[in-house]
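Enquirer: Sequence lines, in order, name chains A and B. Take the first sequence: its position 44, counted from the start at 1, is 43 in numbering that gives the first Met the number 0, and no numbers get skipped. Take the second sequence: its position 48, counted from the start at 1, is 47 in numbering that gives the first Met the number 0, and no numbers get skipped. Cβ coordinates follow ideal geometry from the N, Cα and C atoms, glycine included.
There are 2 protein chains.
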Amino acid sequence: MSRVGSDLSAAKRRHHAAVFAALADETRLSLVTTLCGGEPRSIAQLTGGSRMTRQAITKHLRVLECAGIVHSVRSGRESRFAFDPAPLNELKEYLGRVSAQWDQVLSRLKTLVES
Amino acid sequence: MSRVGSDLSAAKRRHHAAVFAALADETRLSLVTTLCGGEPRSIAQLTGGSRMTRQAITKHLRVLECAGIVHSVRSGRESRFAFDPAPLNELKEYLGRVSAQWDQVLSRLKTLVES
DNA sequence: CATATGAGCAACCTCCGAGTTGCATATTAG
DNA sequence: CTAATATGCAACTCGGAGGTTGCTCATATG
Chain A
0 MSRVGSDLSA AKRRHHAAVF AALADETRLS LVTTLCGGEP RSIAQLTGGS
50 RMTRQAITKH LRVLECAGIV HSVRSGRESR FAFDPAPLNE LKEYLGRVSA
100 QWDQVLSRLK TLVES
Chain B
0 MSRVGSDLSA AKRRHHAAVF AALADETRLS LVTTLCGGEP RSIAQLTGGS
50 RMTRQAITKH LRVLECAGIV HSVRSGRESR FAFDPAPLNE LKEYLGRVSA
100 QWDQVLSRLK TLVES
């Protein structure tokens, strides 16, 4: 593997790790589930039904926003958060590439055994 | 949403969050890339080419193993780690469901606008 | 047997993530 | 104007993740 290629894939790895980290929390997964299935919602709305503080939910929303999974629009005195599918689609593609590579390994192994 | 259904999905969320957390690290993503593209490798082999200690790599491998992404087989004095695609496929399906739900929301919105 | 190699275990340190509380600010409602 | 609502900001605690060092154990190898 070339030096440049290594650096590029390292940068991609860093980015993917960041998005994975944003999803590595039960509360944030719950927020994603809520937001991907409906209209944009305010922080107060998203806090309702949770046992956590509004500030805790706010922090989680900022983490999701930094990862690009969600974006917020200020509307009057409330800021509404909406889902953005792009980062999750990137992750899905990444997981697909990993699976595909593994399938190639398996098929090569099968060929070796059969030969 | 029923109480039981809520608990079930909460348990699934917990599990998904755990697997996401296992992928939320650059070093572990690198290990996954290495292992999904080749034969099982020993800890010493996986440590070579990294600036980290063997114990650090060992800890990362244990994290991946707890998430089911990797499994180890002791062979003589070395333990070989191999890739397991099942957990990543679960994540891929999960991300697919989220995207599908979002697409439904968009199409409903479009219908409303057109009507 | 003696030695080198691969790995496990435990203690320790540092830093960040998650959550809380308290207060300040802006906007809507009456 | 005044009060209530929605949010932002800062400081603090607490626990766990990531990493290291040092030692021990097991297994090849000469």
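Only counting the same chain, and skipping five residues up and downstream in sequence, which positions put a Cβ closer than 7 Å to that of M0 (chain A)?
Expert: Model confidence at M0 (chain A) stands at a pLDDT of 49, short of 50, so the residue's coordinates are unreliable; what they give is reported in the following sentence. No residues qualify anywhere along the chain.
Enquirer: Reducing DSSP to helix, strand and coil, say where S49 (chain B) ends up.
Expert: S49 (chain B) falls in the coil class under three-state DSSP.
Enquirer: Suppose you measure from the CA of P84 (chain A) to the CA of L90 (chain B); what does that come to, to the nearest Å?
Expert: The straight-line gap from Cα to Cα measures roughly 15 Å.
Enquirer: Going by the CB atoms, is the gap between I56 (chain B) and A21 (chain B) shorter than 9 Å?
Expert: Not in contact: A21 (chain B) and I56 (chain B) (Cβ atoms no closer than 9 Å).
Enquirer: According to the neighbour-count rule (16 or more other Cβ atoms, all chains shown, within 10 Å of its Cβ), is H15 (chain A) buried or exposed?
Expert: Buried: at least 16 other Cβ atoms inside 10 Å.
Enquirer: Could you list the residues in the segment 20 to 36 of chain B with a C-beta less than 7 Å from some C-beta on chain A, going in chain order?
Expert: Listed in sequence order: A20, L22, A23, D24, E25, L28, S29, V31, C35, G36.
Enquirer: What residues from chain B crowd round L90 (chain A), counting only those whose CB sits closer than 7 Å?
Expert: Under the 7 Å cutoff, chain B gives L94.
Enquirer: Over the uninterrupted alpha helix (DSSP H) stretch that includes A99 (chain A), give me the two end residues.
Expert: Where A99 (chain A) is concerned, the enclosing alpha helix (DSSP H) stretches over 85 to 113.
Enquirer: I'd like the span of the alpha helix (DSSP H) that includes R27 (chain B), first residue to last.
Expert: First-last of the alpha helix (DSSP H) with R27 (chain B): 25 to 35.
Enquirer: Cβ of V97 (chain B) less than 9 Å from any chain A Cβ?
Expert: Yes, V97 (chain B) counts as interfacial toward chain A.
Enquirer: Which residue marks the beginning of the beta strand (DSSP E) containing E38 (chain A), and which one marks its end?
Expert: From DSSP, E38 (chain A) is part of no beta strand (DSSP E); its letter is neither H nor E.
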